[in-house]
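Peer 1: Count along the sequence shown from 1, then add 197; that gives the number in my numbering. Built from N, CA and C at the ideal position, the CB exists for glycine as well.
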Amino acid sequence: MKNVVALVPGGIGDQILFFPTLDDLKAHIPEVQIDVVVEPRAVAAYQLSASVARVIPFDFKNRNALADWANLIGTLRDAEYEAILSLGRSKAVRLLLWLTGIPKRVGFARLNPLGLLTDAVPVNLDQYSAAVYHDLLKAFGITTPCPLPKAVLKPDDQAWAIAERQRLGVAENYRLLHGGSSQMALAKGINKIYPPAAWVEVLQALQQRQPDLPFIVACGPEDQAWVTALSQALPQVRVTRPPDLGKLAALMAQAQQILCTDSGPMHIGVAVGTPLVALFGPTDPAKLLPADPRFRAIKSPTGNMADIPVSAVIQAACHG
Numbered sequence: 198m199k200n201v202v203a204l205v206p207g208g209i210g211d212q213i214l215f216f217p218t219l220d221d222l223k224a225h226i227p228e229v230q231i232d233v234v235v236e237p238r239a240v241a242a243y244q245l246s247a248s249v250a251r252v253i254p255f256d257f258k259n260r261n262a263l264a265d266w267a268n269l270i271g272t273l274r275d276a277e278y279e280a281i282l283s284l285g286r287s288k289a290v291r292l293l294l295w296l297t298g299i300p301k302r303v304g305f306a307r308l309n310p311l312g313l314l315t316d317a318v319p320v321n322l323d324q325y326s327a328a329v330y331h332d333l334l335k336a337f338g339i340t341t342p343c344p345l346p347k348a349v350l351k352p353d354d355q356a357w358a359i360a361e362r363q364r365l366g367v368a369e370n371y372r373l374l375h376g377g378s379s380q381m382a383l384a385k386g387i388n389k390i391y392p393p394a395a396w397v398e399v400l401q402a403l404q405q406r407q408p409d410l411p412f413i414v415a416c417g418p419e420d421q422a423w424v425t426a427l428s429q430a431l432p433q434v435r436v437t438r439p440p441d442l443g444k445l446a447a448l449m450a451q452a453q454q455i456l457c458t459d460s461g462p463m464h465i466g467v468a469v470g471t472p473l474v475a476l477f478g479p480t481d482p483a484k485l486l487p488a489d490p491r492f493r494a495i496k497s498p499t500g501n502m503a504d505i506p507v508s509a510v511i512q513a514a515c516h517g
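1) Let's see if you can read the secondary structure: which residues bound the alpha helix (DSSP H) around P392?
2) Excluding the five sequence neighbours on either side, which residues of its own chain have a C-beta within less than 6 Å of the C-beta of T437, listed in chain order?
3) Closer than 7 Å by C-beta to L373: which residues in its own chain qualify, once you throw out the five before and the five after it? Chain order, please.
4) Could you name each continuous beta strand (DSSP E) segment of 3 residues or more that falls completely within the stretch 287-336, going from the start of the chain to the end?
5) Could you give the DSSP three-state label for R438: helix, strand or coil?
6) I think P479 touches Y325, with their Cβ atoms under 8 Å apart; what is that distance to the nearest whole Å?
7) Determine, using beta-carbon pairs with one atom in the stretch 234-242 and one in the stretch 325-345, whether at least three such pairs fall under 8 Å.
8) For P432, which beta-bridge partners are listed by DSSP?
9) Compare the Cα-Cα distances from E419 to each of Q429, P439 and Q405 and report the closest residue.
10) Going by alpha carbons, who is nearest to T272 out of A394, N259, L293 and I511?
11) Which of the three DSSP states, helix, strand or coil, is assigned to P254?
12) Which runs of the alpha helix (DSSP H) at least 4 residues long sit entirely within the stretch 400-434? Give them in chain order.
13) In the DSSP output, which residue or residues are listed as bridge partners for N268?
14) For Q524, count neighbouring Cβ atoms within 10 angstroms of its own Cβ and tell me buried if that reaches 16, exposed if not.
15) Does the distance from the C-beta atom of L313 to that of W295 stay below 7 Å?
16) In this structure, how does DSSP classify I213 when only helix, strand and coil are distinguished?
17) By the DSSP assignment, the beta strand (DSSP E) with V467 in it spans what residues?
18) Do Y391 and T458 count as a contact pair if the criterion is CB distance below 7 Å?
19) Rank L284, D220, P206 and E228 by C-alpha distance to the C-alpha of L245 and give the top, closest one.
20) Nearest to P344 by CA position, among L222, V202 and V434, is which residue?
Structure (structure tokens):
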């Protein structure tokens, strides 16, 4: 098999969680070229992947006209793929797979009521999400355990991270805080923002206990509001604005510890292997963090992120 495409709806985090599937497929079939179809907001994730040859943007969540779907089908047909994998759960995506004419169509069994898939894999949602996706490889005879997501860092990005630390006056040992959340999550009514006032207490307490571990606060394109609130309370806080995900990942990789919320950057932190403490509100940590002692989850007792006690965050960070 030489030419495979995967449809991967979702944001940055979903793509990172799919990395083990892509990497293991490439490892078992080294000659294969893997392309992915992803939403425009998630294209940047593939700066961190060495297994993908081509990224095709397509906004699955948009109200696409028939011409948009027809163009995508034409693109997939023209490439003459031998197999297609899909995480999509909508009827439109299942029909799309069939219309491509690709001979091997792999998806989850519960999503195949009309027999549009050639390989319907049983789905087990009671596990780490990366492992859920990895099960699709059973259709290729690959039954090895799911590895952890792994990000590939470019030398230029690593050099940028070193220079950025020097600009901020931070030596090799530091903590990185990323407390933002996507606007899409907020639009869905899922609040993953830990209050800035609570973060201020966390930072002050940890700096008093471990003054040799200063903080760098990472600010993404959608994080300005909470970073501004944090900076107003702590004027001396060091703020970085990485221009792309590769540079953010490099800065995370060089940190001693990451503090974050359930978000795309959390998955990047896992993929670079840095110990982290992640805060969870309404979502289930067991499905979003691997069972690895480097990665600690703090789950809100009420499902509301703001109800996580500051003391719990401080304790986890000191013993992480």
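Peer 2: In terms of the structure at hand:
1) Taken as a continuous stretch (DSSP letters only), P392 belongs to no alpha helix (DSSP H), as it is neither H nor E.
2) E361, I413 and A415
3) I413, A415, L448, M449, A452 and I455
4) 301-305 and 316-318
5) coil
6) That belief does not hold up - the Cβ atoms of P479 and Y325 are roughly 18 Å apart, past 8 Å.
7) no
8) According to DSSP, P432 bridges with nothing at all.
9) P439
10) L293
11) strand
12) 421-430
13) Its beta-bridge partners do not exist; DSSP assigns none.
14) Because residue 524 is not part of the residues shown, which for the chain are 198 to 517, the question remains open.
15) yes
16) helix
17) No beta strand (DSSP E) holds V467; the alpha helix (DSSP H) holding it covers G461 to V469.
18) yes
19) D220
20) L222
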